[in-house]
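Contents: one structure, followed by commentary.
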Amino acid sequence: MSFISRAKIDEAALSELHDEASKAVASVLHYLIFHAKNVQLYHELRLSVGDDVGKFSELLSYAQRELYKLKDEEEHKSYVQNMRWPSENDIMVVQKHHAKVGKVYLQVLLGMAGGACRRCLEEKKEEGGE
């Protein structure tokens with residue numbers, strides 16, 4: 008990856024951060040933050056992690072445990088059981104991204120997590136939206 012600095016990333020490097028590993032982790036974060044209402048996770052990622060790779064790894068482990076707990080809850084199980092769970096390799100890839108660009112990667116990841124998922128689209132349809 009070619010980076011201008013940790014704070015400013017060129018377009019090619021930015022697109023490299025949008026890989027399948029990041030998408031898998033962002034999907035888990037999206038579900039936990041928006042559907043399981045785990046706002047604490049969002050704030051921890053946004054405010055507490057910074058460039059601390061250890062704290063980032065800790066929160067990734069926490070997110071996986073939280074998602075695993077939801078797989079048996081009636082409200083969540085149909086979605087959680089059908090999600091693409093991040094593999095061990097995915098976790099290593101996102102940790103490397105974070106180690107290289109630090110907080111900027113968290114901004115990218117949280118931006119990706121802010122997108123809509125299948126459940127979001129279904130809920131919007133039920134509410135009468137398109």
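Residue numbering for the sequence shown follows this note's numbering, starting at 8 and increasing by one per position.
Note that CB positions come from ideal geometry on N, CA and C, so glycine has one too.
Look at residue 31 and residue 91 and say whether their C-beta atoms are less than 7 angstroms apart.
yes
Beta-carbon gap between residue 113 and residue 52 smaller than 7 angstroms:
yes
Does residue 10 come out as helix, strand or coil in the three-state DSSP assignment?
With a pLDDT of only 41 at residue 10, under the threshold of 50, the placement of this residue in the model should not be trusted; the figure read from the coordinates follows. DSSP places residue 10 in coil when its eight states are reduced to three.
Distance check for residue 77 and residue 127, CA to CA, integer angstroms please.
17 angstroms
Are the Cβ atoms of residue 63 and residue 105 separated by less than 7 angstroms?
yes
How is the alpha helix (DSSP H) around residue 17 delimited, first residue to last?
No alpha helix (DSSP H) holds residue 17; DSSP gives it neither H nor E.
Kindly indicate the opening and closing residues of the alpha helix (DSSP H) around residue 113.
110–120
What would DSSP say about residue 96, mapped onto helix, strand or coil?
helix
Assigned exposure category for residue 70 - 16 Cβ within 10 Å defines buried
buried
Label residue 6 either buried or exposed according to how many other C-beta atoms from any shown protein chain fall within 10 Å of its C-beta, with 16 as the threshold for buried.
In the structure as shown, the chain starts at 8 and stops at 137, and residue 6 therefore has no counterpart that could be examined.
Could you have a look at residue 43 and say whether DSSP puts it in helix, strand or coil?
coil
Assumed close pair residue 74, residue 56 - CB separation to whole angstroms, cut-off 8 angstroms:
Between residue 56 and residue 74 the Cβ distance is about 18 angstroms, and since that is not below 8 angstroms, they are no contact.
Among 44, 111 and 93, which one has its Cα closest to the Cα of residue 29?
93
Name the residue from 100, 27, 125 and 120 whose alpha carbon lies nearest to the alpha carbon of residue 45.
120
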